[in-house]
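Counting in the working numbering, the sequence shown runs from 431 upward without gaps.
For each residue, glycine too, the CB sits at the ideal point set by N, CA and C.
Contents: one structure, followed by commentary.
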Amino acid sequence: MTDIVAAQKKVKPKAPKIEELIGEAKSVILATLNEDGTPASSYAPFVQIDGGFQVLVSFMARHTRNLRDRKRVSVMVIQDESAVKQIYARDRLTMDCEAVVVDEKSEFYERAVNALEAKHGNIVKMLADLKDFILIDLQPISGSYVNGFGSAYSVNADLTVNEHKKGAHGQVEAEEAK
431 MTDIVAAQKK
441 VKPKAPKIEE
451 LIGEAKSVIL
461 ATLNEDGTPA
471 SSYAPFVQID
481 GGFQVLVSFM
491 ARHTRNLRDR
501 KRVSVMVIQD
511 ESAVKQIYAR
521 DRLTMDCEAV
531 VVDEKSEFYE
541 RAVNALEAKH
551 GNIVKMLADL
561 KDFILIDLQP
571 ISGSYVNGFG
581 SAYSVNADLT
591 VNEHKKGAHG
601 QVEAEEAK
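Given below as structure tokens:
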């Protein structure tokens, strides 16, 4: 049995922990780029439907314009600081995603707004009715999941674990050091 196959067999049970992490989180951290490549980090409350992360965001926020215009975003769901014993070992899922603006007349829009309201309260309906708010579906491409020291995995778009990432902790490759 190859190392990758053995790692995958060990890792498969960890997929439910990814679902648990997403289920407990109320917001995602967004990393976007503006037109000249300047990075912007932000956050947005979210829900997850059909494998994507849906966010209701305002054009007043620069991340919204970045999402609409550049379409690529890195999304992170991270364990609450108050729930960890070791701050360096927070569980986290980071996904590269494509941002798709959802048509406000679509059935999916209504489904997502209803799910956001169920999760985050009545304010969602009020925000959805404002002209500067749009719903964006962040569709995963690939990513990584970390749940402790030496426990990092590449993740597929459907959030299934692909492989265990291996590396030398604390060692800098000679080429990188030059």
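DSSP places residue 514 outside any alpha helix (DSSP H), giving it a letter other than H or E. The shortest C-alpha to C-alpha distance from residue 463 to any of 495, 557, 490 and 456 is the one to 495.
The shortest C-alpha to C-alpha distance from residue 502 to any of 563, 465 and 593 is the one to 465. Three or more beta-carbon pairs separated by less than 8 Å link the segment 560-578 to the segment 480-491, which places the two stretches in contact. In the displayed model, residue 481 falls within coil according to three-state DSSP, outside both helix and strand. Using a Cβ-Cβ distance cut-off of 8 Å, the segment 534-552 and the segment 518-526 are not in contact, since fewer than three pairs of beta carbons, one from each stretch, lie closer than that value. Between residue 570 and residue 527, the beta carbon gap of about 5 Å places them in contact (Cβ cut-off 8 Å).
When beta bridges are read from the DSSP output, residue 476 appears opposite 485. DSSP, read as helix, strand or coil, puts residue 532 in coil.
One alpha carbon belongs to residue 507, the other to residue 458, and they sit about 5 Å apart. Residue 496: member of the alpha helix (DSSP H) spanning 492-500, first to last residue. A direct Cα-Cα distance of roughly 11 Å separates residue 449 from residue 575.
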